[in-house]
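The structure under discussion appears below in the form of structure tokens.
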Amino acid sequence: MNEEERKILSLRFVIVALVFLALAGIEGLLMRLRIMNLLTDVFDERHFYSMMTAHPFVGIYGWAYMAVMGAFYFLVPYVLKKDIYSKRAAYTSFWLMILGIAVIWTTTFVTHYAPLYTLYWPIPVAADLVGWSPLSIMSFGVGVTLVLAGVLVFFFNMFATIFLPSRVVKSNGQGGAGYIFKELVITAFNLDRLLAKIRRIPHYSAKAFNYPVFVVAVFRGCVDTTLNAFVIGGVGLVLAFMGAYYLLPGAVQNISLIDPLIYKNFFWWGLDLIADGNVLIFTAGTWYLIVPLLLNRRLYGEQVVRTVILADLVVSLFVWNHHMLADTPQPFVLQIQGQIFTWGELLTMGLTIFAVLATIWGARPVKYSAPLKFVLASIAGYAVGGLAGIIQANYASNRFFHNTQWVIGIHGHIQLLVGLSLTIFAAIYALFPLLTGKMLNEKMADMHLLLMAIGGGVMGLSMGMAGTLGMLRRMLYPMGLGVYEPYMNVAMLGALMMAAGFSVFIINVIRTVGLTTIIKLFLPQR
Amino acid sequence: MYPQFIIEMIYFVIISIVVVFLAVFYFLTSRRRGSVESGHAGHDREGEMGRGEKRWLIFLFSVTIIGNLLFLSPLLPSMRYTLYERDVTMTVVIEMRNYKFILPEKPIRIPANVPVEFVVISEDLVYGFGVFRKDGTLVFQMQVVPKPYINRIVWVFEEPGTYDIRSTEYSGPMHPWMYVPDAILIVGEQQ
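Residue numbers (the numbering used here), protein chains in the order written: chain A, -16 to 509; chain B, 136 to 326.
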């Protein structure tokens, strides 16, 4: 692919991601209205929970993953000065993601299948008890498998782009999946440096230190998200097979086929890797690229930052248990391990934020462009959302916060909408001139930032305060919201502010490049 | 004051400091002219931490240690009844099946200030077991993992009165209806 083709690929990913963000936003607003006991005549519990099932798939995989994919398909070759390994794989991941999300969305919308993204065994397969149709189980499983297959194709393409010298080079053993896997493991865990120490090779610089820090973050995040894709994609496959089996005449439903606690451990181990790979490390990588580029200076403590990125891999593999602190049959030693390792995130994320702020501090006086302002706001989002996460991830405090609006409000949504999403927007604002040759309006960008950051903060914090009062997540209160109601009203105001901010951004893009140019991007290119 | 309110208050104080710090940082870095330092500001040697960075790491490490010690201490009742005061004087067994709580009696009468163990068993799906005060605040909760697992939690109710029970984990669209008002009656010594 030449640079022009990569630009088109990247823009296609980002535009589709923005459509998914809009869709997730509309879903969010509708669910919010339903929580406030409005729209009850047209929006029953089954419909509400099916929408809640689709919402994270559209928001995380549709928006965050596809936007990240689009950005990395352009940035990784740009930074490494080499082509993407496979154009076909790039477009395969593009279509698999769209198709998978479309299948999930359609299944939940049409059949009201609603196991939620947690997919706690045996809820997704308890067809008779809960009332799912076997076809919906199978179709949902297929959708999940397609999405995660798309994710795997993307990451394999990224690994190949980073670690292979060039396309289809098979000489000297440099080529193929085995070679990439070996390189990845050696580089991700600094094994070559360890080997050099054992062999007493002086002044050896590990392979990870030969790559730009942004690329280290990309492949490090890809390790987590690849493992995540295997786990969640695997669950999707199980659902697809079980749904298909239920369709057979005489099929027996056996909901005790899988141990619910072992499954939950395995599932959360895989699912939490999204939080580390996509939400934290890809974000850190994006900051490490954008901030030095915009300020035209080196990242503060670059070598230390690489070590932190790699150390976080170890932390990320052992934090899953913070999702299971309320599961009393879980061995207590695992509970405490989950708590202590989660505090490790404070160290890694704290050092990451320090490096970014120190880089900005060293460059003062700084002229804050739109992407830099978005980075600073996203740091605030991570600090506010991350701290809430660490508080709820203690065995003792989890008794009061688990499954409340605190978890999904202050932690989940602030981390995703103010932390991650503002980082993605920072990347979009930074890349926009490179991809289109045009600059977005700065005043509109400011308005976008203020509405998104304040709106996200207001929504998340008011949800969290309702959570402290005892309001549960994933819950409808048909008998009235009671003391939670004022907080939900304020959360609605925050959500509307975010919607307004997003609209300002869309208007800004359309005003700058024109709707026709955007439509033309999806037509066959000459 | 309930423990979650104290935690929330501490949290809001910290995030206020963080947000104010970032606002001041923005102001200082955009307006104040400082000497533009080298690309490795604060770094004595390539690959090593600068002085400020080391101090910051020591601070974060200290917060991590103190935070863990505090949360593992008997300060919060949830940890006190798990690790430090485990002598149970009463056991209440509750079954859950087909989106229903099956209680031994209604209301379940429990004396105040007595360690009571709730044993909750699910026959089919994953549920949650949460006890709420009449003002909607959460007293405690746990997940209910289905059989063959048995879910246990010990608690001491200090305030006499009636309490509600809710499922705190999604188990299907019937989830919002898994609510038993006035399920527990805590009886004071006088009563």
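Every residue, glycine too, gets a C-beta built ideally from N, C-alpha and C.
- Message: Is there a Cβ of chain A sitting closer than 7 Å to that of Y298/B, yes or no?
- Response: Taking the first residue of the second sequence as 1, we reach residue 298/B at position 163. By this cut-off, Y298/B is not an interface position.
- F267/B vs L273/B beta-carbon contact at 7 Å: Translated into the one-based positions of the second sequence, residue 267/B becomes position 132. Translated into the one-based positions of the second sequence, residue 273/B becomes position 138. Yes, Cβ-Cβ distance for F267/B and L273/B is below 7 Å.
- State the start and end residues of the unbroken beta strand (DSSP E) segment that holds F275/B. Here residue 275/B is taken as the residue at index 140 of the second sequence, counted from 1. For F275/B, the enclosing beta strand (DSSP E) begins and ends at 273 to 279.
- Task: Mind checking which residues open and close the beta strand (DSSP E) that includes S257/B?
- Result: Position 122 of the second sequence, counted from the start, is the residue given in the question as residue 257/B. 250 to 257 is the extent of the beta strand (DSSP E) around S257/B.
- Message: Measuring straight from C-alpha to C-alpha, what distance separates M121/A and I241/A?
- Response: Within the first sequence, numbered from 1, the residue matching residue 121/A stands at position 138. Within the first sequence, numbered from 1, the residue matching residue 241/A stands at position 258. When only Cα atoms are considered, M121/A and I241/A end up about 17 Å apart.
- Item | CB contact below 7 Å: W326/A versus chain B | Here residue 326/A refers to the residue found at position 343 when the first sequence is read from its first residue. Chain B, which has a Cβ nearer than 7 Å to the Cβ of W326/A, makes this yes.
- Message: Short of 7 Å in beta carbon distance, which residues of its chain neighbour N261/A, apart from the five on each side in sequence? Order them along the chain.
- Response: Numbered from 1 along the first sequence, position 278 holds the residue referred to as residue 261/A. Within the same chain, N261/A has close Cβ partners A47, Y48, V51, G204, T208.
- Task: Compute the distance between the beta-carbons of P354/A and G226/A, then report whether it is under 7 Å.
- Result: For this step, residue 354/A is matched to residue 371 along the first sequence. For this step, residue 226/A is matched to residue 243 along the first sequence. Taking 7 Å as the Cβ cut-off, P354/A and G226/A do not qualify as a contacting pair.
- Task: Just mark A158/B as buried or exposed, buried being the case when its beta carbon has 16 or more other beta carbons within 10 Å.
- Result: Here residue 158/B is taken as the residue at index 23 of the second sequence, counted from 1. Classification for A158/B: exposed.
- Separation of Q322/A from R215/B, as counted between CA atoms: The sequence position of residue 215/B within the second sequence is 80, counting from 1. The sequence position of residue 322/A within the first sequence is 339, counting from 1. The alpha-carbon of R215/B is positioned some 17 Å away from that of Q322/A.
- Item | T23/A, DSSP secondary structure in three states | Position 40 of the first sequence, counting from 1, holds the residue named residue 23/A. Coil.
- Query: Going along the chain, which unbroken runs of the alpha helix (DSSP H) with 4 or more residues stay wholly within the region 400 to 476 of chain A?
  - Reply: Those alpha helix (DSSP H) runs which fall completely within the region 400 to 476 of chain A and span 4+ residues are 404 to 419, 425 to 451.
- Message: I'd like to confirm the pairing. Which residues does DSSP put opposite P246/B in its beta bridges?
- Response: If you number the second sequence from 1, residue 246/B lands on position 111. For P246/B, which the question treats as bridged, DSSP gives the partners V322/B.
- Message: the ligand NAD and L63/A: does the residue's C-beta get closer than 6 Å to at least one heavy atom of that ligand?
- Response: Although the ligand NAD was asked about, the structure shown includes no ligands whatsoever.
- Let me know the secondary structure DSSP gives E293/B once reduced to three states. Within the second sequence, numbered from 1, the residue matching residue 293/B stands at position 158. Reduced to three states, the DSSP call for E293/B is coil.
- Query: In angstroms, rounded to a whole number, what distance separates the CA positions of V59/A and L167/A?
  - Reply: Sequence index remark: in the first sequence, residue 59/A carries index 76 (1-based). Sequence index remark: in the first sequence, residue 167/A carries index 184 (1-based). Here the alpha carbon of V59/A sits roughly 16 Å from the alpha carbon of L167/A.
- Task: Below 8 Å between beta carbons is the criterion; list the residues of the region 195 to 209 of chain B that meet it against any residue of chain A, in chain order.
- Result: Answer in chain order: L195, F196, V198, T199, G202, N203, F206, L207.
- Item | Residue of T303/B, L163/B, G307/B, L207/B minimising C-alpha distance to Y314/B | Residue numbering aside, residue 314/B sits at position 179 when the second sequence is read from its first letter. The residue with the shortest Cα to Cα distance from Y314/B is T303/B.
- Just the C-alpha distance for V(-3)/A and L479/A, rounded to the nearest angstrom, thanks. Reading the first sequence from its first residue, position 14 is the one you call residue -3/A. Reading the first sequence from its first residue, position 496 is the one you call residue 479/A. Between the alpha carbons of V(-3)/A and L479/A lies a gap of roughly 23 Å.
- Task: Starting from the beta carbon of G271/B, find every residue of chain A whose beta carbon is closer than 8 Å, and list them in chain order.
- Result: For the purposes of this step, residue 271/B is taken as the residue at position 136 of the second sequence. Residues of chain A whose Cβ lies closer than 8 Å to the Cβ of G271/B are, in chain order, L452, G453, M454, G465, V466, Y467.
- Task: Starting from R232/B, follow the beta strand (DSSP E) in both directions and report where the run begins and ends.
- Result: Taking the second sequence and counting its residues from 1, one reaches residue 232/B at position 97. 225 to 232 is the span of the beta strand (DSSP E), which, as asked, contains R232/B.
- Query: Does the Cβ-Cβ distance between A54/A and A360/A come in under 7 Å?
  - Reply: On the first sequence, position 71 is the one that residue 54/A refers to. On the first sequence, position 377 is the one that residue 360/A refers to. Going by C-beta atoms, A54/A is not nearer than 7 Å to A360/A.
- Message: If the criterion is Cβ atoms closer than 7 Å, does the pair V367/A and M427/A meet it?
- Response: Translated into the one-based positions of the first sequence, residue 367/A becomes position 384. Translated into the one-based positions of the first sequence, residue 427/A becomes position 444. Not in contact: V367/A and M427/A (Cβ atoms no closer than 7 Å).
- Query: Is it true that the CB of A97/A sits closer than 7 Å to the CB of V41/A?
  - Reply: To locate residue 41/A, count along the first sequence from 1; it is residue 58. To locate residue 97/A, count along the first sequence from 1; it is residue 114. Cβ atoms of V41/A and A97/A: not closer than 7 Å.
- Task: Measuring only between beta-carbons, confirm whether M277/B sits less than 7 Å from chain A.
- Result: Taking the second sequence and counting its residues from 1, one reaches residue 277/B at position 142. Between M277/B and chain A, the shortest Cβ-Cβ separation is below 7 Å.
- Cβ of N377/A within 7 Å of any chain B Cβ: Translated into positions along the first sequence, residue 377/A becomes position 394. Interface residue (Cβ-Cβ distance to chain B less than 7 Å): N377/A is classified as such.
- Query: Which residues in chain B sit within 9 Å of R(-5)/A, going by Cβ to Cβ distance?
  - Reply: As a first step, residue -5/A must be located in the first sequence, where it is residue number 12. Residues of chain B passing the Cβ test: none, with the nearest at roughly 35 Å.
- Message: Excluding the 5 residues flanking A137/A on each side, which residues of the same chain have their C-beta closer than 7 Å to its C-beta?
- Response: Along the first sequence, read from residue 1 onward, the residue named residue 137/A stands at position 154. Going by the sequence as given, residue 137/A is Phe instead of Ala. Closer than 7 Å at Cβ, skipping near neighbours: M52, S76.
- Where the alpha helix (DSSP H) through Y68/A begins and ends: Along the first sequence, one-based indexing puts residue 68/A at 85. Where Y68/A is concerned, there is no enclosing alpha helix (DSSP H), given that its DSSP letter is neither H nor E.
- Message: Would F337/A pass as an interface residue toward chain B - the criterion being a Cβ-Cβ separation below 7 Å?
- Response: Residue mapping note: residue 337/A aligns to position 354 of the first sequence, counting from 1. Yes, F337/A counts as interfacial toward chain B.
- Message: Judging by CA-CA distance, which residue of F357/A, V199/A, V218/A is the nearest neighbour of L434/A?
- Response: Sequence index remark: in the first sequence, residue 434/A carries index 451 (1-based). Distance from the Cα of L434/A is smallest, within the candidate group F357/A, V199/A, V218/A, for F357/A.
- Item | Near-chain B residues of the region 83 to 103 of chain A - C-beta to any C-beta below 9 Å | Hits within the stretch, in order: H95, A97, P98, L99, T101, Y103.
- Query: Going by Cα to Cα distance, which pick from W270/A, V127/A, L256/A is closest to L340/A?
  - Reply: Residue mapping note: residue 340/A aligns to position 357 of the first sequence, counting from 1. From the listed residues W270/A, V127/A, L256/A, the smallest Cα separation to L340/A is found for W270/A.
- In whole angstroms, what is the alpha-carbon distance linking R17/A and V291/B? By one-based count along the first sequence, residue 17/A stands at place 34. By one-based count along the second sequence, residue 291/B stands at place 156. Distance between the alpha carbons of R17/A and V291/B: 36 Å.
- Item | Opening and closing residue of the beta strand (DSSP E) in which G265/B lies | If you number the second sequence from 1, residue 265/B lands on position 130. Start and end: 262 to 267.
- Item | Contacts of E28/A in chain B (Cβ-Cβ under 7 Å) | Residue mapping note: residue 28/A aligns to position 45 of the first sequence, counting from 1. By Cβ distance, chain B contributes P308, P311.
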